[in-house]
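Protein sequence lines correspond, in order, to chains W and H. Numbering-wise (the numbering used here), the first sequence opens with residue 2 and increments by one. Numbering-wise (the numbering used here), the second sequence opens with residue 182 and increments by one. Ideal Cβ placement from N, Cα and C applies to all residues, glycine included.
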Amino acid sequence: MTQPPTSVVNPSIPERPPASPARTRTSRGTTVAVLAVVAVGATLVAGIGLGARDISPLEVVRILLHPGEQAFDTHVLWTERIPRTFLGLAVGAALGAAGLVMQALTANPLADPGVLGVEQGASMFVVLGIMLLGVTDTGDYFWLALLGASVTATLVHLIGTRTDAGSSAVGLVLAGVALAAVMSSLITLLVVRDKEAFFHLRFWSVGQLTGRAEVLGRLLPFVLVGLLLALPLGRTLNILGLGDDTARALGVRVERARLTAAAVAVLLCAAATAAVGPVAFVGLVAAHCARLLVGPDHRWSLPVSMAAGAVLLTGADTAGRLVLDHGEVQVGLMTAVIGTPFFVWLARRRDLVRM
Amino acid sequence: MTPLGLRPPKPDAPATPAVVARLRADRRARDRRAALTGGVLTAALLGLTTASVLLGGVGRLDPADVLPAAFGLRDGLADYTIFQLRMPRALSALLAGALFGLAGSLYQRLIRNPLATPDIVGISAGAGAGAATALFYAPAAFALGVPVAAVIGSFVLVAAVQGLSWRGGVDTYRLVLVGIGLSAVCTAYTNYLFLAADRQSLAIALRWTVGTTNDADWDGVTTLAVGFAACALAALLLARPLATLTLGDGFAAGLGTRVTATRVGVLLVGAAAAALATSVVGPIGFVSLVSGPVAVRLVGTERSTLLAPATGAVIVLGADVLAQHAPLISPVPTGVLTALLGAPYFVWLILRRRQGAS
């Protein structure tokens, strides 16, 4: 077998030449942050106001002011749309943050919780727990997902940084794809003979937000903890981006810092997956949007990436509810369709794949 | 040595008789080895087919009835089980595996990267999406509708993958990445089609996203047999020009090969082979990826295109027998097992080679 000519990149050498950390001007950052808040607000309003069932805006306001009524529209709003929208915002923010942290840690513009297979691994452990251990509590899903995400992230890192695939960016993606294939096959293997579980998990396994009112209450704390832990990482990520030697010279304990950031990213992936199932490409797109808006300064791009992820996921979910006359398109499918052009565009970049 | 499938130099070339004798002996040894391996694979295929038909997975059959029924001595249920359920299943697994193996081997030799096979770069997923579209929107269409739609879907994907990864030349890893992306869209689309449908179509959805031989029938076997004959013929015609391409485009053109035509031809024949197999058994993953390199290891690059289909057939048929009988896990869709066997191999392929090994 002829081996392709490849340039082996030593992972210990940073792929970009060390440069002084790019700083985002406060004025620009503030403008973008205000815009992001407005966008999140608009998505929130759209998520609550729009849906398969036509409820007029005035009626929506009235129902919001009178939560206790016994009308069908009230029920739809308070048990379906509102929890679903908030869940979408929280999970989207988690995925956006996880995507950005993963991209910063691996210096890999293609990194994403879904592309690297971490979400599939988390799902597999949840399904394993449901099928073999009889886990039914939604809160326990999180711990299973955390275990699965940690195992998968470790494996992808171990394989991806030892590949011969032109660059470590490509190697990580290939390792992620292979592990995702193994994990989703194992899920099918576990559930295929149980018709009820299969029907239930099949929807969950493509990622969706439907019928998750009770999930919000159980998993929101985990997501929020993850987001709070992620927020102060911006400065660390900036310094790590200078290369390990420079970071060490600046007094950062590199291994510990990397491990902390990775652990937070894994926690965010696990919480997101436990809540809605694997949703790929949200982190990827959110992180790139954030960097396009505020540049590579992670102190700004991290919160902006959270906002972008929240807007993207909730927006995709709302759009998925509207595109069909009956029923809806699962949000995981919508984000795949939205995210792939982005992925392909990135894959075409000359500096990613060395000729 | 003849690494490229070209004949050794003619005796009037400047080579000593001793060298020519060495070359001939070497060639004969390789031929013998290829023939032996081919024989072993054929025996394995016969054995697996027999096992698949006799053991079965579909239809309960009194063990005492199996053998007589297989020789046509029983009517009714036993006859139906053997000839309408088990035989089509075994034959579709065999033929689909052969088509996947052929497709993978063609792509690997053309693109010269073991990862660039139809299942990895999304061509099987595109075929699955095409087939699912035909099935969903025109369920009453004549039997040819699904294979034709699958082939169209795969051609669209080939064009898209090539076009999108073109940037003053096609880098193989960019091709693989773009293919992975497009594969995700196709799978999302197929999932969407069937998730929008009702409970009954779940089994069908599984077939079009994972791949299984559960619903095999004689129509499918006919499609696969005709498809395999056509694709194998085309592959034979393309074998010589493809071998010259290995020398580099300039060299190949100098030897009289029509480079672009050969390239397009190989891409389309490979895609059609993968698509036809997909249209009957679904996008069974990792078979095209694994069969080529295994065949190369068995008999060397030169003759691997001949043996890759046999290797693929053994893999799918073996996985199918396992899928029906393996303790604890059976029955599962065949594609699950090929993925579980193939993905670790994929990982092994991308891992960095030791220093010194090529």
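Q505(H) - containing alpha helix (DSSP H), residue span = Looking up residue 505(H) in the second sequence gives position 324. Element bounds for Q505(H): 482-506.
Cβ-based neighbour list, V102(W), same chain, cut-off 6 Å, excluding 5 preceding and 5 following | The sequence position of residue 102(W) within the first sequence is 101, counting from 1. Answer for V102(W): A262, A266, listed in chain order.
Could you tell me which uninterrupted alpha helix (DSSP H) segments, each at least 4 residues in length, are contained entirely in the region 217-267 of chain H, listed from first to last along the chain?
-> Whole alpha helix (DSSP H) segments, 4+ residues: 244-251, 257-261.
Given a cut-off of 9 Å, decide if A494(H) and L236(H) are closer than it, judged by their beta-carbon atoms.
-> Position 55 of the second sequence, counted from the start, is the residue given in the question as residue 236(H). Position 313 of the second sequence, counted from the start, is the residue given in the question as residue 494(H). Cβ atoms of L236(H) and A494(H): not closer than 9 Å.
Does Y288(H) have its Cβ less than 9 Å from a Cβ in chain W?
-> Counted from its first residue, the second sequence places residue 288(H) at position 107. Chain W, which has no Cβ nearer than 9 Å to the Cβ of Y288(H), makes this no.
Residue environment, I49(W), which counts as buried when at least 16 other CB atoms sit within 10 Å = Counting from 1 along the first sequence, the entry for residue 49(W) is found at position 48. Around the beta carbon of I49(W), 16 or more other beta carbons lie within 10 angstroms, which makes this residue buried.
Which chain H residues sit within Cβ distance under 8 Å of G172(W)?
-> Walking along the first sequence from the start, residue 172(W) turns up at place 171. Correct list: I531.
Confirm, please, whether the CB-CB distance from I304(H) to V359(H) is below 9 Å.
-> Indexing the second sequence from 1 puts residue 359(H) at position 178. Indexing the second sequence from 1 puts residue 304(H) at position 123. For V359(H) and I304(H), no; Cβs fall outside 9 Å.
Report, in whole angstroms, the separation of the C-beta atoms of I531(H) and T164(W), which I expect to be a contact under 8 Å.
-> As a first step, residue 531(H) must be located in the second sequence, where it is residue number 350. As a first step, residue 164(W) must be located in the first sequence, where it is residue number 163. Going by Cβ atoms, the distance from I531(H) to T164(W) rounds to 4 Å, so yes, they are a contact pair.
What's the gap between the Cα of L285(W) and the Cα of R439(H)?
-> In the first sequence, residue 285(W) corresponds to position 284, counting from 1. In the second sequence, residue 439(H) corresponds to position 258, counting from 1. Straight-line Cα distance between these residues: approximately 42 Å.
Within 8 Å of chain H by C-beta, residues of the region 319-338 of chain W in sequence order | Result list: L325, G328, V330, Q331, G333, L334, A337, V338.
Whose CA, out of A274(H), A489(H), L356(H), lies closest to the CA of Q505(H)?
-> What you label residue 505(H) is simply residue 324 of the second sequence in a count that begins at 1. Ranked by Cα distance from Q505(H), the first of A274(H), A489(H), L356(H) is A274(H).
For the alpha helix (DSSP H) containing V60(W), list its first residue and its last residue.
-> On the first sequence, residue 60(W) is found 59 positions in, with the first residue counted as 1. Residue identity check: residue 60(W) is Glu in the sequence provided, not Val. Start and end: 58-66.
Looking only at DSSP bridge pairs, what is T164(W) linked to?
-> Here residue 164(W) is taken as the residue at index 163 of the first sequence, counted from 1. Beta bridge pairing from DSSP links T164(W) with L532(H).
Quick check: the region 141-158 of chain W against the region 294-302 of chain W, are there 3 or more CB pairs under 8 Å?
-> no
Might you give, ordered along the chain, the residues of its own chain that have their beta carbon closer than 6 Å to the beta carbon of P543(H), omitting 5 neighbours on each side?
-> Outside the displayed span of chain H (182 to 539) sits residue 543(H), for which this structure offers no information.
Whole-angstrom distance between V61(W) and G218(W), CA atom to CA atom = Counting from 1 along the first sequence, the entry for residue 218(W) is found at position 217. Counting from 1 along the first sequence, the entry for residue 61(W) is found at position 60. Between G218(W) and V61(W), the C-alpha separation is close to 23 Å.
Per-residue contacts from V359(H) into chain W (C-beta, under 8 Å) | Start at 1 with the first residue of the second sequence, and residue 359(H) comes out as number 178. Under the 8 Å cutoff, chain W gives V345, A348, R349.
Cβ shell of Q4(W) (< 6 Å), same chain only, five flanking positions each side left out | Against the first sequence, residue 4(W) aligns to sequence position 3. Residue confidence for Q4(W) is low, a pLDDT of 44 falling below 50, so the modelled location carries little weight and cannot support an answer.
Taking I510(H) as the query, report the chain W residues whose CB atoms sit under 8 Å from its CB, ordered along the chain.
-> One-based indexing of the second sequence puts residue 510(H) at position 329. Simply L190.
Taking C-beta pairs closer than 7 Å, name the residues in chain H that S186(W) reaches, listed in chain order.
-> Your numbering for residue 186(W) matches position 185 in the first sequence. Within chain H, the residues near S186(W) are V517, A520, L521.
Let me know the secondary structure DSSP gives V351(H) once reduced to three states.
-> As a first step, residue 351(H) is located in the second sequence; it is residue number 170 there, counting from the start. Strand.
Starting from the Cα of P110(W), find the closest Cα among G333(W), S306(W), A309(W), A288(W) and give me that residue.
-> As a position in the first sequence, residue 110(W) is number 109, starting the count at 1. Checked all of G333(W), S306(W), A309(W), A288(W); the closest Cα to P110(W) is A288(W).
Starting from L418(H), follow the alpha helix (DSSP H) in both directions and report where the run begins and ends.
-> For the purposes of this step, residue 418(H) is taken as residue 237 along the second sequence, with counting starting at 1. Run containing L418(H): 399-426, per the alpha helix (DSSP H) assignment.
Would F223(W) count as contacting chain H if we go by Cβ distances under 9 Å?
-> Position 222 of the first sequence, counting from 1, holds the residue named residue 223(W). Residue contact check for F223(W) against chain H: no CB pair falls below 9 Å.
Would you say Y261(H) faces chain W, with C-beta separation under 9 Å as the test?
-> Translated into positions along the second sequence, residue 261(H) becomes position 80. So, not an interface residue.
What separation, rounded to the nearest whole angstrom, lies between the Cα atoms of F87(W) and V77(W)?
-> Counting from one through the first sequence, the residue named residue 87(W) turns up at place 86. Counting from one through the first sequence, the residue named residue 77(W) turns up at place 76. Answer to the nearest angstrom: the Cα atoms are 15 Å apart.
Smallest Cα separation from R444(H): which of A415(H), L280(H), Y370(H)?
-> Residue mapping note: residue 444(H) aligns to position 263 of the second sequence, counting from 1. Between R444(H) and the set A415(H), L280(H), Y370(H), the nearest pair of CA atoms involves A415(H).
CB contact below 9 Å: G466(H) versus chain W | Here residue 466(H) is taken as the residue at index 285 of the second sequence, counted from 1. At least one chain W Cβ lies under 9 Å of G466(H).
Less than 8 Å between the CB atoms is what I'm expecting for A337(W) and A369(H), so what's the real figure, rounded?
-> As a position in the first sequence, residue 337(W) is number 336, starting the count at 1. As a position in the second sequence, residue 369(H) is number 188, starting the count at 1. That belief holds up - the Cβ atoms of A337(W) and A369(H) are roughly 4 Å apart, short of 8 Å.
Could you pull the start and end residues of the alpha helix (DSSP H) that P342(W) belongs to?
-> Indexing the first sequence from 1 puts residue 342(W) at position 341. Unbroken alpha helix (DSSP H) run through P342(W): 332-348.
Quick one: residues in its chain with C-beta nearer than 7 Å to the C-beta of R535(H), no 5 flanking neighbours on either side, listed in chain order?
-> Within the second sequence, residue 535(H) is the residue found at index 354, counting from 1. Unreliable placement is indicated for R535(H), whose pLDDT of 45 sits below 50; the coordinate value is still reported in the next sentence. Contacts found: none.
Cβ-based neighbour list, L66(W), same chain, cut-off 8 Å, excluding 5 preceding and 5 following = The count along the first sequence starts at 1 and reaches residue 66(W) at position 65. Contacts found: none.
Among A491(H), V517(H), L287(H), A365(H), which has the Cα closest to the Cα of G220(H)?
-> What you label residue 220(H) is simply residue 39 of the second sequence in a count that begins at 1. Checking every option, the nearest Cα to that of G220(H) belongs to A491(H).
Local conformation of R293(H) per DSSP, three classes = Working through the second sequence from its first residue, we reach residue 293(H) at position 112. Correct three-state label for R293(H): coil.
Would you report the Cα separation of T27(W) and R349(W), rounded to the nearest angstrom?
-> The residue you call residue 27(W) lines up with position 26 of the first sequence. The residue you call residue 349(W) lines up with position 348 of the first sequence. So the alpha carbons of these two residues sit roughly 32 Å apart.
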